[in-house]
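Asker:
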Amino acid sequence: MAFATRTDAARAGGMLTPAYVWLAAAIFLPLSAMLFFSMLSAAPFVSSDWRFTTANYAAFFSRSLYPYLLARSLGLSAIVTALCVLIGYPCAYVLARQIRGRSREALFLLIILPFWSNSLVRIFSWAIVLRGNGFLEVAINAVLPFPVSLSLMFSFTAIVIGLVHSYLPYVVLTSYLALQAIDDSLVEAARSLGAPFRTILWRILLPLSLPGLVAGAVLIFVPVAGSFMEARILGGRAGTLYGTVIEDQFVAVFNWPLGAALSFILLAVVFVILGVASPVLRRAR
Amino acid sequence: MRLITRQTALAAVGAVMLCGSLAFADAAEIRVLNWQGYGTDESFAVDAFAKKTGNTVVHDYFTSEQEMLTKLRTNPGAYDVVLVNSAFVKQAKDEGLIAKIDTSDMPNVKDLSPNLGKEPNLVVGGDTYGVAWTWGVTSLTVNKDKVSPLPTSLAVLWDPQYAGKVSIRDDGIEAIQFAALATGQDINDPKDLDAIKAKLKALMPQVKAFWGSENDWNQFFSAGDFYVSTYWSGGAGRSIAKGLPLKFIVPTEGAVGWLDSLAIPTASKNQAAARAFINYMIDPEFYVQWAAKGSPMSANAKAAAALPDTSFNKVTLGDPAVVARVHFVKPLSEDTRKKYLELWQDMKARQ
Numbered sequence: 001m002a003f004a005t006r007t008d009a010a011r012a013g014g015m016l017t018p019a020y021v022w023l024a025a026a027i028f029l030p031l032s033a034m035l036f037f038s039m040l041s042a043a044p045f046v047s048s049d050w051r052f053t054t055a056n057y058a059a060f061f062s063r064s065l066y067p068y069l070l071a072r073s074l075g076l077s078a079i080v081t082a083l084c085v086l087i088g089y090p091c092a093y094v095l096a097r098q099i100r101g102r103s104r105e106a107l108f109l110l111i112i113l114p115f116w117s118n119s120l121v122r123i124f125s126w127a128i129v130l131r132g133n134g135f136l137e138v139a140i141n142a143v144l145p146f147p148v149s150l151s152l153m154f155s156f157t158a159i160v161i162g163l164v165h166s167y168l169p170y171v172v173l174t175s176y177l178a179l180q181a182i183d184d185s186l187v188e189a190a191r192s193l194g195a196p197f198r199t200i201l202w203r204i205l206l207p208l209s210l211p212g213l214v215a216g217a218v219l220i221f222v223p224v225a226g227s228f229m230e231a232r233i234l235g236g237r238a239g240t241l242y243g244t245v246i247e248d249q250f251v252a253v254f255n256w257p258l259g260a261a262l263s264f265i266l267l268a269v270v271f272v273i274l275g276v277a278s279p280v281l282r283r284a285r
Numbered sequence: 286m287r288l289i290t291r292q293t294a295l296a297a298v299g300a301v302m303l304c305g306s307l308a309f310a311d312a313a314e315i316r317v318l319n320w321q322g323y324g325t326d327e328s329f330a331v332d333a334f335a336k337k338t339g340n341t342v343v344h345d346y347f348t349s350e351q352e353m354l355t356k357l358r359t360n361p362g363a364y365d366v367v368l369v370n371s372a373f374v375k376q377a378k379d380e381g382l383i384a385k386i387d388t389s390d391m392p393n394v395k396d397l398s399p400n401l402g403k404e405p406n407l408v409v410g411g412d413t414y415g416v417a418w419t420w421g422v423t424s425l426t427v428n429k430d431k432v433s434p435l436p437t438s439l440a441v442l443w444d445p446q447y448a449g450k451v452s453i454r455d456d457g458i459e460a461i462q463f464a465a466l467a468t469g470q471d472i473n474d475p476k477d478l479d480a481i482k483a484k485l486k487a488l489m490p491q492v493k494a495f496w497g498s499e500n501d502w503n504q505f506f507s508a509g510d511f512y513v514s515t516y517w518s519g520g521a522g523r524s525i526a527k528g529l530p531l532k533f534i535v536p537t538e539g540a541v542g543w544l545d546s547l548a549i550p551t552a553s554k555n556q557a558a559a560r561a562f563i564n565y566m567i568d569p570e571f572y573v574q575w576a577a578k579g580s581p582m583s584a585n586a587k588a589a590a591a592l593p594d595t596s597f598n599k600v601t602l603g604d605p606a607v608v609a610r611v612h613f614v615k616p617l618s619e620d621t622r623k624k625y626l627e628l629w630q631d632m633k634a635r636q
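Those sequence lines, one after another, are chains G and D.
Quick note, the first sequence lines up with residues 1 to 285 if you use the working numbering.
Quick note, the second sequence lines up with residues 286 to 636 if you use the working numbering.
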């Protein structure tokens, strides 16, 4: 670390300590406890007869169900991330570069608003909207002359809709910040040299805002891979995912060691994916 | 009017029988271990029992069967009456936690429905270890506005007419029990698991969503997400009270039942008073008052008969022929539980 003087270093230390103490207590300790659990034969509060074992990790490979569901969850993650980027990036572009003044604040508020409500409330409101004979179907049938039957509720599509809605603000916020920081004179220079919008987007805006876009995508991809609540409520019988199986281990079966091991395997797979993608991410920066 | 006189008459008979048999032998403090808010701690009952016998009743509660067993193991002598689900009676007896009950001074025991009072989980080799108290079933429920004629068989769950309009609870053990009933097997020890797997595989495309809680069930039912479903008898009674158009049916194949019993810990020092309390708990006088506040079905046939003719419990579970079709759940070994869970997970993940 390069600090000008010792007092600067001390001051920085003083300001960083609370955050790092908090991180250590809130993330590192529980995570270590889970790592410990994942290597036990039984949770100590269930049975006094426990020992160390790797059987929980072996269980992942001994049943084809777990890899299958992990692939399914990662696929869902990829779909949700792609949709969020496709919807969120244009939205962030318009907000950051087309609209000025108070209307921008108002529109921004509309994007952040969902964040202020509890995620469970958001998912349950989707359940009301998507349900057969629900809000959406009634509204569409009121407008269209012929009857339309939507049965979106309790399907994979419903899970995707719920997740995209929940996570869209991440990609909008990160892309917005990156797009806003781009110097207007670059775009003006390109335009004065006759570049069409397509070229400006491809050669200037996208490369310069890519770090923000990628950060948003990563913020979405990782939690969606482990999501379970949306699938439980909106998925119906299509709602079995890697996350719901982990939840079952903790809530229904009380097999904490297996649940913890499955969680760490997910963590490892996500790290591998990010590792493979890191050359791309680094170039983006 | 006739109803009231009959209730009063029964109450009087109950009171006379209790006083006659026990008549304030010597006052004791009975310590009861039960789920909170589950009958024994109704204040009217505690007061009435104290007035009759002079015995006071105090309560301690558990929040799981395991906690109940642990409390019995670690506090010998602390309890005089304990609620034990019939599936756990054998374990508690084998560990020496609960004692053989001499029912000769408990006049209400003879009124228990035979297949509840003499249930093999409770009565082992002629010795009673748990006195059957309350019971209920998980069975078939249909939306009576949408399903006609009303079905009498579980086969309606597999009826293509109701494809996408079926729900079952998200519970592997229960799913396997229903598939066992549908394939004519013993719910506690199905021999042909392949037949059960095939039956469940055929059920999956019929299912719209799995329900988890009573609240889920009410929501899905109200929204028309399903017309045919499995459900708890207690929940069905409450949903009908809310005005939902449902019919609870115990099909010809049978239904999955649970049975709660009252037992006396081996280490109890007030066994006579404990027997008097259990006798009062299965008394029609107590039950009719409790039922008015919402209770499960009584194991005492006379108490069940004393219910108003319109009550859900009497209409649905009052018929002895229905009682005879109920299969009571036995405890599962850890290995079987795990096997069932894996079967269920595979079934749900790959449809």
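Beta carbons are placed, not taken as given, at the ideal position from N, Cα and C, and that holds for glycine.
1) If you reduce the DSSP assignment to three classes, tell me which class E327 (chain D) lands in.
2) If we ignore side chains and look at the alpha-carbon of each, how far apart do G243 (chain G) and S227 (chain G) end up?
3) Please identify the residue among D:S371, D:T423, D:V611 whose C-alpha is closest to the C-alpha of G522 (chain D).
4) Strictly below 8 Å CB to CB, what residues from chain D border R131 (chain G)?
5) In whole angstroms, give me the CA-to-CA distance for W502 (chain D) and W496 (chain D).
6) If you check the beta carbons only, do M632 (chain D) and W418 (chain D) fall under 8 Å apart?
7) Can you look up K493 (chain D) in the DSSP assignment and give me helix, strand or coil?
8) Hey, L130 (chain G) and M153 (chain G) are a contact pair by Cβ (cut 8 Å); roughly how many whole angstroms apart?
9) Taking Cβ-Cβ distances below 8 Å as the criterion, which residues of the region 479-495 of chain D are in contact with chain G?
10) Since E314 (chain D) sits in a beta bridge, which residues does DSSP pair it with?
11) Determine the chain G residues that contact D631 (chain D) at a beta-carbon separation under 7 Å, and present them in chain order.
12) Within the chosen definition, does the region 341-355 of chain D reach the region 518-533 of chain D through at least 3 CB pairs nearer than 8 Å?
13) Starting from Y516 (chain D), trace the beta strand (DSSP E) both ways and give me its first and last residue.
14) The alpha helix (DSSP H) with N500 (chain D) in it runs from where to where?
15) Identify the contact partners of V269 (chain G) in chain D, using a Cβ-Cβ distance below 7 Å as the criterion.
16) Going by the beta-carbon positions, is the gap between D365 (chain D) and N555 (chain D) smaller than 8 Å?
17) Does the Cβ of D332 (chain D) have 16 or more other Cβ atoms within 10 Å, making it buried, or fewer, making it exposed?
18) Against L626 (chain D), what residues of chain G qualify as contacts under a CB-to-CB distance less than 7 Å, listed in chain order?
19) Quick check: the region 125-140 of chain G against the region 201-217 of chain G, are at least 3 beta-carbon pairs closer than 8 Å?
20) Run the CB neighbour count on P147 (chain G), radius 10 Å, all protein chains shown included, and call it buried at 16 or more, exposed below.
21) Measuring only the C-alpha atoms, how far is L208 (chain G) from A178 (chain G)?
22) Between T240 (chain G) and chain D, is there a C-beta pair that is closer than 8 Å?
23) Out of D:L435, D:S583, D:Y447, point me to the one whose CA is closest to F597 (chain D)'s CA.
24) Which residues of chain G have a Cβ atom closer than 9 Å to the Cβ of A634 (chain D), listed in chain order?
25) Give, in chain order, every residue of the region 145-168 of chain G whose Cβ lies closer than 7 Å to some Cβ of chain D.
26) Take the Cβ of V608 (chain D) as the centre, count every other Cβ of all protein chains shown within 10 Å, and call the residue buried at 16 or more, exposed below.
27) Does any CB atom of chain G fall closer than 8 Å to the CB of V298 (chain D)?
28) What do you get for A9 (chain G), buried or exposed, if any count of 16 or more other CB atoms within 10 angstroms of its CB means buried?
29) Would you please state the rounded distance, in angstroms, between the beta carbons of I315 (chain D) and A552 (chain D)? I believe it to be under 8 Å.
30) For a cutoff of 8 Å on Cβ pairs, would you count G236 (chain G) as touching chain D?
31) With distance defined between alpha-carbon atoms, name the residue in G:V276, G:L40, G:L241 nearest to A231 (chain G).
32) Counting only runs of 3+ residues fully inside the region 425-464 of chain D, write out the beta strand (DSSP E) ranges in chain order.
33) Is the region 371-391 of chain D touching the region 604-623 of chain D in the sense that three or more CB pairs, one from each, lie closer than 8 Å?
34) Closer than 7 Å: is that where the CB of V343 (chain D) sits relative to any heavy atom of the ligand SAM?
35) Restricting to Cα atoms, I'd like to know which of G:P196, G:F52, G:L29 is closest to P257 (chain G).
Answerer: According to the data block:
1) coil
2) 5 Å
3) D:T423
4) A508, D510
5) 6 Å
6) no
7) strand
8) 4 Å
9) M489, V492, K493, A494, F495
10) D:T341
11) L65
12) no
13) 513-517
14) 499-507
15) The premise fails here: V269 (chain G) is roughly 18 Å from chain D at the closest Cβ pair, so nothing lies under 7 Å.
16) yes
17) exposed
18) V253
19) no
20) exposed
21) 7 Å
22) yes
23) D:S583
24) L65, Y68, L69, R72, T240, L241, V245
25) F154
26) buried
27) Any reading at V298 (chain D) must be qualified, since the residue scores a pLDDT of 48, below 50, and its modelled position is unreliable; the value itself is stated next. No - not a single Cβ of chain G is within 8 Å of the one on V298 (chain D).
28) exposed
29) Not a contact, Cβ separation roughly 14 Å.
30) yes
31) G:L241
32) 451-454
33) yes
34) Annotation note on the ligand SAM: not contained in the displayed structure, which lists no ligands.
35) G:F52
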